[in-house]
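Student: Sharing a structure here in structure tokens format.
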Amino acid sequence: MKVLDKEIQVFLGIPYAKSPIGNLRFTKPQAPQPWQGMYDATRAKKSCIQPPYPGIFDLPTGISEDCLYLNVWTPLASTRYGFPVLVWFHGGMHRAGSAYEARYNGSALAALNDVVVVSCNFRLSALGFLDLNHTLTPGNLALWDQRAALQWVQRNIEEFGGDPDRVTAFGESSGAMQLHGHILSPHSRGLFHRVFLMSGAMSTTPASILRPRTLLA
Numbered sequence: 013m014k015v016l017d018k019e020i021q022v023f024l025g026i027p028y029a030k031s032p033i034g035n036l037r038f039t040k041p042q043a044p045q046p047w048q049g050m051y052d053a054t055r056a057k058k059s060c061i062q063p064p065y066p067g068i069f070d071l072p073t074g075i076s077e078d079c080l081y082l083n084v085w086t087p088l089a090s091t092r093y094g095f096p097v098l099v100w101f102h103g104g105m106h107r108a109g110s111a112y113e114a115r116y117n118g119s120a121l122a123a124l125n126d127v128v129v130v131s132c133n134f135r136l137s138a139l140g141f142l143d144l145n146h147t148l149t150p151g152n153l154a155l156w157d158q159r160a161a162l163q164w165v166q167r168n169i170e171e172f173g174g175d176p177d178r179v180t181a182f183g184e185s186s187g188a189m190q191l192h193g194h195i196l197s198p199h200s201r202g203l204f205h206r207v208f209l210m211s212g213a214m215s216t217t218p219a220s221i222l223r224p225r226t227l228l229a
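In this text, residue positions in the sequence shown follow the numbering used here: the first is 13, and each later residue adds one.
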């Protein structure tokens, strides 16, 4: 497609992990199954399960637990290779939002700046953050999803004209808080090289989880 007189390529709904359904619902993301033949990357997939917020979050394709997909916008790869890469984590109070919101379309950003733009869905709310202090619910699955997306970028982004050694991760609101977790975590080391936090860090009050307490009369 042509944006601002520049040719870019758009790839929607690329799976970066197996569908987290059934026995995989509360497990860390697993590598996706390979497919045979040509993959149709022209259609957006569904957003992750979340409550409705009319007029705030635009979910054009509906919601599903089968939601671990990412999108790529890249300048026409035939012009040159080795573009810097931007990986976007959306906000939404840790329980809403989507990579498919119209405001997160990366086409203009890719065209104006000669960068490869990647956005990804990740599990939200209880499906993404529930921690019952049990091996069956390890917690922070949303961050493990994001890590899997960053690993996908390292393995595959060269095929889209991007440079895996020049990856900038950025996010706003809860997406920035989650990204701060990746900065601190050794599990995400080496998966990105720069960050742009557009909101508060993990210690910001709305992101704090209070431990339940028993009040005695």
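Glycine included, every Cβ here is placed at the ideal spot set by N, Cα and C.
1) Going by the CB atoms, is the gap between Ser-215 and Ala-188 shorter than 8 Å?
2) Give a yes or no on contact between the segment 25-39 and the segment 142-155, applying the rule of three or more CB pairs nearer than 8 Å.
3) Have a look at Tyr-81, Pro-96 and Ser-119 and flag the residue whose alpha-carbon is nearest the alpha-carbon of Asp-52.
4) Identify every residue that forms a DSSP beta bridge with Lys-18.
5) State the beta-bridge partners of Asn-83 as determined by DSSP.
6) On the DSSP bridge list, what partners appear for Trp-100?
7) So, are the CB atoms of Leu-136 and Ile-61 less than 8 Å apart?
8) With DSSP run on the structure shown, which of helix, strand or coil describes Pro-27?
9) Could you tell me which residues DSSP puts in a beta bridge with Thr-75?
10) Classify Ala-219 as helix, strand or coil using the three-state DSSP reduction.
11) Which of helix, strand or coil does DSSP assign to Pro-198?
12) Taking Ile-269 as the reference, which of Tyr-112, Tyr-28 and Val-179 has the closest Cα?
13) Would you kindly work out how many angstroms separate the C-alpha atoms of Leu-16 and Phe-141, rounded to a whole number?
14) With a threshold of 7 Å on Cβ separation, who are the neighbours of Gln-166 within its own chain once the five nearest residues in sequence on each side are excluded?
Tutor: Quick look at the numbers:
1) The residue you call residue 188 lines up with position 176 of the sequence shown. The residue you call residue 215 lines up with position 203 of the sequence shown. Taking C-beta atoms as the reference points, Ala-188 and Ser-215 fail to come closer than 8 Å.
2) As far as the Cβ criterion goes, the segment 25-39 touches the segment 142-155, which means the pair count is three or higher.
3) Indexing the sequence shown from 1 puts residue 52 at position 40. Ranked by Cα distance from Asp-52, the first of Tyr-81, Pro-96 and Ser-119 is Tyr-81.
4) Translated into the one-based positions of the sequence shown, residue 18 becomes position 6. Paired residues: Val-15.
5) Taking the first residue of the sequence shown as position 1, residue 83 is located at position 71. DSSP output for Asn-83 lists Ser-131 as bridge partner(s).
6) Mapped onto the sequence shown, residue 100 falls at position 88. DSSP, once it has assigned bridges, lists Ser-131 and Phe-182 as partnering Trp-100.
7) As a position in the sequence shown, residue 136 is number 124, starting the count at 1. As a position in the sequence shown, residue 61 is number 49, starting the count at 1. With respect to Ile-61, Leu-136 sits close: the two C-beta atoms are nearer than 8 Å.
8) Taking the first residue of the sequence shown as 1, we reach residue 27 at position 15. In the structure shown, Pro-27 falls within a strand segment according to DSSP collapsed to helix, strand and coil.
9) The residue given as residue 75 occupies position 63 in the sequence shown. Thr is not the amino acid found at residue 75; the sequence shown has Ile there. Bridge partners of Ile-75: Ser-59.
10) For this step, residue 219 is matched to residue 207 along the sequence shown. Residue placement at Ala-219 cannot be trusted, given a pLDDT of 45 that sits under 50; what the coordinates show is reported in the next sentence. Helix.
11) What you label residue 198 is simply residue 186 of the sequence shown in a count that begins at 1. It is helical.
12) Outside the modelled stretch of the chain, which goes from 13 to 229, sits residue 269, for which no answer is possible.
13) Here residue 16 is taken as the residue at index 4 of the sequence shown, counted from 1. Here residue 141 is taken as the residue at index 129 of the sequence shown, counted from 1. Rounded to the nearest angstrom, the two C-alpha atoms are 39 Å apart.
14) Translated into positions along the sequence shown, residue 166 becomes position 154. Pro-176 and Leu-203, listed in sequence order.
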